[in-house]
DNA sequence: TTAGGGTTAG
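In the working numbering, the protein residues as written are 15 to 802.
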């Protein structure tokens, strides 16, 4: 038009603007702006420019044009600028502009109201949303379908589903957008069933779903999952497209649906056949694999994405980081972190938290901590929860608890996940006071009726030695899932309460709840602790016969242990030889333990041969066999084995015991003499030892590893970590106080006997939780029936 | 100038 000579008129410019928008041609927009800038700008042209600048991504210049309009601004100018901010995700700016219009008493039209509402929805700013709602009512734009639809979405995104539903029900003539908005609201608030029934209701109302409706309802099929409905939507989508070419969003939603329904072959075929794909489509496949635990596949697709030169986005990284964590692939994970930095996704919270989690799961806590300490993320509850879970994943239970406390002192409100993450730490440490405090906290937050939280509480109480509290809580739970039954069963097993466990097991079988492999493991391990061979065999058989559950390695290890302890070593060995899975170290270890108990050298050697193949670095098994040799007097063999161990540099995991005194944890490692109170502890122990000798106790040194003189062996026994912890506790608590010790390994035979005697001499109740179970010592007796 | 949509961390 310039070739023609004259300056372009307003109409030509207005006609040109939509094309500029379509191509996001910012430079062209500036040029047009330059042409009109010296003239008296008509509001209609200025509004067009504001819109075009926003669509080209430049809200700053758009705002300048808007500001320059000053007095000649009309309702459309305000609506355009607010909508422009929303278009560019500058929701706070949109809301501020809305508030400014209120201060200036400008009358806004329905477009401005709709845009402002969507900004309030995106920022989940309920107060703001409600004030826009009142404004809409005052100004009489409230009866508009678009305004009502925007209100429905705003309330849904602010978590006010009841209000959203009420408003939706009140819309007289619902259009397809209103229906789709409500379907989407149900999907996003985790109500897939409601979404699907609304989707069906809409069709009965005579409204034919469009592309957006289908894309909105597909995640509901994935969440349920309902593969058949997903497939029928796929057919519907193809039928309504004569060329059968799916658009990117619909293709992506379908890929995600198939992947989440576990139908990876369909997901892959569809994905490969899609004509239009973007990075989100790739993410759907990558995340589908990652969430199903198919980490290698996820990474494989990621590398394929890179090989075609497509750049990942932040969601891609959120998919691949957990895949690295799953594979414990720290190097790959660190490369992903590098990529996050390269592409500038560091400021994305999802990415940051996934990176923190990846490092923690791969055992690199310092890297997690460094990322976490970057202040900006310090305010996010998920970052805190990730850190708590990360500490727990690495066995740092006291760090997990400390982090939880720090979080509350920083005024970050813990949520359900925080509680579920920190409760296992209190169980791990048997930190009852902490556990009780958390329980009251749970009640205050109103989380007590939440099933996973309740399950954690049962587990915590039983691990803290309070089986009665665990039972009471379990019995009063309104809703239980299979996990509730499983943790209760495991609690009975941990406390050696086989009868209660077996009766609970038959209750759950009769209750109609579907039992799983862990239910069986709980029941079997209760039988193991009680030595109930017949019952255990029956349960093991019914696993396959009645529930079609294939026993896992853990079940076999448990059965071998049960049979072996009962002296049925041949049956145990033939079970190992006939099992369909390749026996692992736990299975052979159970046999070895039983061989020690019954001094069976022939079988012990078979077990050790297999163990040294499976776990060449683990010394514990060698110790057991050398103990068997020593026990039957084959000293030369015992010595040879120990010499071979020291040559190959095998190390035994050092024993460690903890005790809680006045809210502080004290840890003792075997042989540690560095404690400030060591002298007094030693003296106290010598006195106890003299008493024990008077009672006729002769130390059983067969569990001592070192090849030394008998007297020295006794000294080594005396430095076993549980004895250090017990003497420390005796020194630092009032007479008569109960003592609770936790140990990382199993208690040895002599420590077991000695603890019984100490409980009698000192008149204390002593509870020891070792890696296998609880031992209650009182007045010279121990509650457990299966110990030596 | 406007409302609904695909992938996302603990």
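Ideal Cβ placement from N, Cα and C applies to all residues, glycine included.
Computed from a prediction, not measured in an experiment: that's the story for all the values here.
Taking C-beta to C-beta, are residue i and residue j nearer than 7 Å?
i: residue 166; j: residue 182; result: yes
i: residue 786; j: residue 760; result: yes
i: residue 478; j: residue 446; result: yes
i: residue 304; j: residue 337; result: yes
i: residue 529; j: residue 493; result: no
i: residue 471; j: residue 505; result: no
i: residue 289; j: residue 259; result: yes
i: residue 5; j: residue 267; result: The question about residue 5 has no answer here: the residues shown for the chain are numbered 15 through 802.
i: residue 168; j: residue 204; result: no
i: residue 301; j: residue 333; result: yes
i: residue 221; j: residue 190; result: yes
i: residue 734; j: residue 684; result: yes
i: residue 271; j: residue 307; result: no
i: residue 101; j: residue 133; result: no
i: residue 237; j: residue 206; result: yes
i: residue 632; j: residue 610; result: no
i: residue 450; j: residue 411; result: no
i: residue 699; j: residue 741; result: yes
i: residue 583; j: residue 624; result: no
i: residue 155; j: residue 125; result: no
i: residue 456; j: residue 448; result: no
i: residue 171; j: residue 138; result: yes
i: residue 376; j: residue 342; result: yes
i: residue 746; j: residue 795; result: no
i: residue 547; j: residue 580; result: yes
Skipping 5 residues on each side, what residues in its chain have a beta carbon closer than 6 Å to that of residue i?
i: residue 285; result: 269 and 299
i: residue 793; result: 774
i: residue 28; result: 62
i: residue 743; result: 673 and 753
i: residue 500; result: 532, 533 and 536
i: residue 200; result: 208 and 209
i: residue 643; result: 651 and 652
i: residue 802; result: At residue 802, the pLDDT of 43 sits below 50, so the modelled position is not reliable; the number obtained from the coordinates is stated separately. Closer than 6 Å at Cβ, skipping near neighbours: 763.
i: residue 329; result: 297
i: residue 187; result: none
Would you please state the rounded distance, in angstroms, between the beta carbons of residue i and residue j? I believe it to be under 8 Å.
i: residue 540; j: residue 511; result: 7 Å
i: residue 371; j: residue 417; result: In fact, because the Cβ distance is near 14 Å, the residues do not count as touching under 8 Å.
i: residue 129; j: residue 96; result: 4 Å
i: residue 531; j: residue 503; result: With 8 Å as the limit, residue 531 and residue 503 do not qualify as a contact, their Cβ atoms being about 12 Å apart.
i: residue 766; j: residue 789; result: 7 Å
i: residue 781; j: residue 752; result: 7 Å
i: residue 566; j: residue 507; result: Not really, about 16 Å apart at Cβ, beyond 8 Å.
i: residue 59; j: residue 94; result: Actually they do not touch by this definition, with Cβ atoms about 12 Å apart.
i: residue 545; j: residue 575; result: About 10 Å separates the two Cβ atoms, so there is no contact after all.
Going by DSSP, name the residue or residues bridged to residue i.
i: residue 749; result: Paired residues: none, contrary to the question.
i: residue 757; result: 671
i: residue 679; result: 674
i: residue 616; result: In DSSP, residue 616 forms no bridge with anything.
i: residue 789; result: 782
i: residue 27; result: Answer is none; residue 27 lacks a bridge partner.
i: residue 795; result: 792
Given residue i, which residues of its chain have a CB within under 7 Å of its CB, disregarding the five upstream and five downstream residues?
i: residue 436; result: 402, 414, 415, 418 and 452
i: residue 350; result: 331, 334, 335 and 338
i: residue 561; result: 529
i: residue 495; result: 465
i: residue 702; result: 772 and 775
i: residue 498; result: 465, 468, 469, 472, 488 and 491
i: residue 431; result: 399
i: residue 599; result: 625, 628 and 629
i: residue 68; result: 76, 98, 101 and 102
For residue i, collect the residues of the same chain with a Cβ closer than 8 Å to its Cβ; drop the 5 residues on either side in sequence, then sort them by chain order.
i: residue 587; result: 605, 617 and 620
i: residue 295; result: 262, 265, 266, 269, 285 and 288
i: residue 669; result: 683, 684, 734, 735, 736, 757, 758 and 759
i: residue 891; result: With the chain covering 15 to 802 only, the question about residue 891 has no answer from this structure.
Would the segment 634 to 653 and the segment 397 to 407 be scored as touching if the rule is three or more Cβ pairs under 8 Å? no
For the segment 314 to 323 and the segment 354 to 369, state whether three or more C-beta atom pairs, one from each stretch, are separated by less than 8 Å. no
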